[in-house]
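Novice:
Numbering (our numbering), first residue to last: 867 to 1192.
1) With a cut-off of 8 Å on the beta carbons, I'd call residue 1146 and residue 952 a contact; round off their distance for me.
2) Provide the residue span of the alpha helix (DSSP H) that contains residue 1026, from first to last.
3) Runs of 4 residues minimum, wholly inside the stretch 1041-1113: which ones carry the alpha helix (DSSP H) assignment?
4) Is the distance from the Cβ of residue 1093 to the Cβ of residue 1025 below 7 Å?
5) Excluding five sequence neighbours on each side, which residues of the same chain lie with their C-beta closer than 7 Å to the C-beta of residue 950?
6) As a quick exercise: from 1191, 1192, 1184, 985, pick the residue whose alpha carbon is nearest that of residue 992.
7) Runs of 4 residues minimum, wholly inside the stretch 1137-1188: which ones carry the alpha helix (DSSP H) assignment?
8) At the level of alpha carbons, what is the spacing between residue 1072 and residue 1083?
9) If contacts are defined as beta-carbon pairs under 8 Å, then residue 1129 and residue 1079 qualify, I think. What distance do you get, rounded to the angstrom?
10) Tell me residue 1118's beta-bridge partners as DSSP assigns them.
11) When you compare only the Cα positions, how much space is there between residue 1155 and residue 1118?
12) Keeping to the same chain, check which residues put their C-beta closer than 7 Å to that of residue 1159; ignore five residues upstream and five downstream.
13) Quickly, what does DSSP pair residue 992 with across the bridge? List them, please.
14) Run through DSSP, which three-state label would residue 1003 get?
15) Among residues of its own chain, excluding the 5 on either side of residue 841, which ones have a beta-carbon nearer than 8 Å to its beta-carbon?
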């Protein structure tokens, strides 16, 4: 009776429905095929990772198709590699601490460059992500340096008048002055792309002293300038972008005739004599002097200051990465 009941178990009930497996043996062919496929997939994966040609998806989002052309892609990759090598060299000498935002900016720089397409903000050389952006900054963001320049207004204006000249078309450009690409626009640099112009500084000692008193003057990398900027009546500087969003340009009005206008990021403003205007020139901006010849030129003094939200370690690293001549 026990033997009979044992046949009524689950196996006994299902045995008529199941194939006979007593004589089954695993065949090697399917196993070999599966292992071979896995090996090929692994070799392909190693090749793709090692070649480093795969572009992260984040780089392709929002990038126009023409930006992916081979020549432009190679130029962008070469620039990013140079920047990353400079950042790596800096971190070896000092520390990686505080470099997260810079590393992100260098890694994703191709994503921020939008080619020939118009955009409200598009720095031409380097974009640091996660910085608060606005076409104009309040005076309080750089209160100390603004007050230093405004208190020095009379001395700076007097030194400009000592070096000023006729500025008429066709007249020879005096030593120290530079004729820019646009006719009717001249500059006199005390600092140009992070390098001191010693002769011009000696010609303007009080202005140089005011620059030395600034706490956030960018004077050690290619983004830093200080100059007198002269715009003749009838001159228009069409929409351009500055090289980076890590700086704020401080404009001290020296001579501002009627009809002068500055438009940054679509917002119009005008200079006032003796007062500073803080501008983020990585936004699309246009400058115009629409006055008549009798009004004389528009004259401002420009000093590049650090963006107030760029931290100390980031400033030091940017000075290293974009040092003059690097």
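Ideal placement from N, C-alpha and C gives every residue a C-beta, glycine not left out. Quick caveat, the model's predicted, so the values are computed rather than measured.
Specialist: The short version:
1) That pair is no contact at about 24 Å.
2) 1019-1029
3) The stretch 1041-1113 contains these whole alpha helix (DSSP H) runs: 1064-1069, 1071-1078.
4) no
5) 972
6) Ranking 1191, 1192, 1184, 985 by CA distance to the CA of residue 992 puts 1184 first.
7) 1178-1187
8) Rounded to whole angstroms, residue 1072 to residue 1083 spans 16 Å at the Cα level.
9) With 8 Å as the limit, residue 1129 and residue 1079 do not qualify as a contact, their Cβ atoms being about 31 Å apart.
10) 1142, 1167
11) 16 Å
12) 1099
13) 1110
14) strand
15) Only positions 867 to 1192 of the chain appear in the structure, and residue 841 is not among them; the question remains open.
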